[in-house]
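Engineer: Add 20 to the 1-based position in the sequence shown for our numbering, that's all there is to it.
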Amino acid sequence: MVDDANPWKDELVKIAERLEAKTGQTRWTDRTGLLIERDFVASAYAMRKLVEAAGGSAALRQRRIPVRRFELTGSRPLSADDITDCYDFDNGRRTMLSLVQLCHEILHSVVFAFCCGETEDLFDGIYVSSDGDKNEYVYLVLASDFIALCGDIGTLDLQPR
21 MVDDANPWKD
31 ELVKIAERLE
41 AKTGQTRWTD
51 RTGLLIERDF
61 VASAYAMRKL
71 VEAAGGSAAL
81 RQRRIPVRRF
91 ELTGSRPLSA
101 DDITDCYDFD
111 NGRRTMLSLV
121 QLCHEILHSV
131 VFAFCCGETE
141 DLFDGIYVSS
151 DGDKNEYVYL
161 VLASDFIALC
171 GDIGTLDLQP
181 R
């Protein structure tokens, strides 16, 4: 139950701003990765809370987010560093996840790895797979799509149930 959605929404807007800044960051440390992962997890939790609290907001509950899905081709990865040889990154499929599904993938992730551009080493998104999907797929969630999602939900007029 959420009595006041505003603190959750405000945090989503702040997270969107922080993640946007990370997409242009050229110097990375281990702490950078930690902060990005923290923001993805915190925002997924906040969005899930808001979905549960948004009575009658079928549009929010049914919101779909574009992702790219890659099938497992070998044994499942033992760490985020192992994903390159485990999934078919040459043959990704575009698909959509509901907001609830995306939050689940992030909150229950056993694979969480960063996607950086090939021409420039900038943060482009995350590869994520939950405990339920780890033996089948990994999803690429583009940072730009996730940032827009956080900003959109952070500015929605939500009425609690």
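Backbone N, C-alpha and C fix where the C-beta goes; we use that ideal spot for every residue, glycine too. Small disclaimer: the values here were computed from a predicted structure and weren't measured.
Could you compute how far the alpha carbon of residue 97 sits from the alpha carbon of residue 148?
Structural biologist: Between residue 97 and residue 148, the C-alpha separation is close to 12 Å.
Engineer: Compute the distance between the beta-carbons of residue 81 and residue 115, then report whether it is under 8 Å.
Structural biologist: No, Cβ-Cβ distance for residue 81 and residue 115 is not below 8 Å.
Engineer: Can you check which of these residues, 134, 113, 91, 127, is closest to residue 155 by C-alpha distance?
Structural biologist: Comparing Cα-Cα distances from residue 155 to each of 134, 113, 91, 127, the minimum goes to 91.
Engineer: Taking the CB atoms as reference points, tell me whether residue 61 and residue 159 lie closer together than 8 Å.
Structural biologist: Going by C-beta atoms, residue 61 is not nearer than 8 Å to residue 159.
Engineer: Using the three-state DSSP reduction, which class does residue 27 fall into: helix, strand or coil?
Structural biologist: In the structure shown, residue 27 sits in a helix (DSSP, three-state: H, G or I).
Engineer: Within its chain, find whatever has a CB closer than 7 Å to the CB of residue 126; leave out the 5 residues flanking it on each side and keep chain order.
Structural biologist: Cβ within range, chain order: 60, 61, 64, 148.
Engineer: Rounded to whole angstroms, how far is the Cβ of residue 122 from the Cβ of residue 85, which I believe are closer than 8 Å?
Structural biologist: Right, the Cβ-Cβ distance comes to about 5 Å (below 8 Å), so this counts as a contact.
Engineer: Classify residue 91 as helix, strand or coil using the three-state DSSP reduction.
Structural biologist: If DSSP states are grouped into helix, strand and coil, residue 91 belongs with the strands.
Engineer: Between the alpha carbons of residue 76 and residue 168, how many angstroms are there, rounded?
Structural biologist: Low per-residue confidence applies at residue 76: pLDDT is 44, beneath 50, and the placement is therefore not dependable, though the value from the model is reported in the following sentence. Their Cα atoms are separated by approximately 22 Å.
Engineer: Under DSSP, the beta strand (DSSP E) around residue 120 begins and ends at which residues?
Structural biologist: Residue 120 -> not in any beta strand (DSSP E); alpha helix (DSSP H) instead, spanning 119-127.
Engineer: Identify whether residue 149 lies in helix, strand or coil by the three-state DSSP scheme.
Structural biologist: Residue 149 falls in the strand class under three-state DSSP.
Engineer: Only counting the same chain, and skipping five residues up and downstream in sequence, which positions put a Cβ closer than 7 Å to that of residue 132?
Structural biologist: Within the same chain, residue 132 has close Cβ partners 57, 100, 146, 148.
Engineer: When we look at the beta-carbon of residue 47 and count the other beta-carbons within 10 Å, is it buried (16 or more) or exposed?
Structural biologist: Per the 10 Å Cβ criterion, exposed.
Engineer: Closer than 7 Å by C-beta to residue 135: which residues in its own chain qualify, once you throw out the five before and the five after it? Chain order, please.
Structural biologist: Excluding positions up to five away in sequence, the list reads 144, 145, 146, 147, 160.
Engineer: Looking at the strands, I want to know which residues DSSP matches up with residue 158.
Structural biologist: Partner(s): 90.
Engineer: Determine the closest residue to residue 153 out of 107, 170, 162, with distance taken between C-alpha atoms.
Structural biologist: Closest option to residue 153, Cα to Cα, is 107.
Engineer: What's the C-alpha gap between residue 128 and residue 120?
Structural biologist: Computed Cα separation, rounded: 12 Å.
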